[in-house]
Amino acid sequence: MKKTKRAHWDRNTESVDDYLKAIHTIGGDERRRVGGSELAARLDVSPASVTNMLQKLASEPKSFVDYKRGEGVKLSSAGRRRALEVVRHHRLVETFLFQVLDYPIDELHDEAERLEHFISESFEERIAAKLGHPTSDPHGHCIPALDGTMPPAHGVSCRCGL
833 MKKTKRAHWD RNTESVDDYL KAIHTIGGDE RRRVGGSELA ARLDVSPASV
883 TNMLQKLASE PKSFVDYKRG EGVKLSSAGR RRALEVVRHH RLVETFLFQV
933 LDYPIDELHD EAERLEHFIS ESFEERIAAK LGHPTSDPHG HCIPALDGTM
983 PPAHGVSCRC GL
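Heads up, the sequence shown is in this note's numbering, so the first residue is 833 and it goes up one at a time.
Structure (structure tokens):
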């Protein structure tokens with residue numbers, strides 16, 4: 833009898849990044865627990881899909897999330913770092929598209945959503961350097977620093993909502 837090998841689940845995907853970013857955005861800086869229905873609405877997926885993904889994420893040895901069924905989810909330290917990295921990519925890409933490639937502001941978000949998952953750390957650093965290490969994007973949202981900290985304007989004069 834042939835043994836079937838269990839398929840490996842990859843936690844480094846666009847979908848995982850989208851979940852982490854959504855949890856961070858909804859949970860905010862206070863890192864409150866986020867309900868599955870909030871995530872489902874934000875990501876435009878079914879509640880069952882949310883539960884499935886959160887269970888997978890929570891079962892990982894170095895989990896990105898702390899998930900408790902019925903209580904919601906919040907990011908672990910590793911999850912928060914990854915979420916802020918994706919947010920940084922997104923906002924740097926938006927700024928690059930706006931300042932260097934003259935994209936109209938209403939096209940920035942969708943284009944950055946597609947690109948944020950695929951830029952390397954080297955490319956990220958080159959964009960940041962080319963732009964003079966900006967601390968906010970064209971929408972007035974703070975750009976997290978490379979170490980995950982937020983600029984001094986965060987929560988004071990920004991429009992992050994984070």
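Note that the Cβ used here is the ideal one computed from N, Cα and C, for glycine as well.
query = Given that a residue counts as buried once 16 or more other Cβ atoms are within 10 Å of its Cβ, and exposed if not, what is Glu-953?
reply = For this step, residue 953 is matched to residue 121 along the sequence shown. Looking at its Cβ environment, which holds fewer than 16 other Cβ atoms inside 10 Å, Glu-953 is exposed.
query = DSSP on Asp-861, reduced to helix/strand/coil?
reply = Counting from 1 along the sequence shown, the entry for residue 861 is found at position 29. Shown here, Asp-861 sits in coil according to DSSP, grouped into three states, outside any helix or strand.
ask   = Measuring CB to CB, does Leu-889 end up less than 8 Å from Ser-881?
value = Along the sequence shown, one-based indexing puts residue 889 at 57. Along the sequence shown, one-based indexing puts residue 881 at 49. Taking 8 Å as the Cβ cut-off, Leu-889 and Ser-881 do not qualify as a contacting pair.
query = Counting pairs of beta carbons, one from the segment 932 to 950 and one from the segment 868 to 878, are three or more of them closer than 8 Å?
reply = no
request  = Using a threshold of 8 Å, state whether the C-beta atoms of Asp-849 and Val-925 are closer than that.
outcome  = Taking the first residue of the sequence shown as position 1, residue 849 is located at position 17. Taking the first residue of the sequence shown as position 1, residue 925 is located at position 93. No, the pair does not count as a contact, with Cβ atoms beyond the cut-off.
request  = Identify every residue that forms a DSSP beta bridge with Tyr-899.
outcome  = For the purposes of this step, residue 899 is taken as the residue at position 67 of the sequence shown. DSSP lists Val-905 as partners of Tyr-899.
query = Hey, Leu-852 and Arg-914: beta-carbon distance below 8 Å or not?
reply = Looking up residue 852 in the sequence shown gives position 20. Looking up residue 914 in the sequence shown gives position 82. Yes. Within cutoff.
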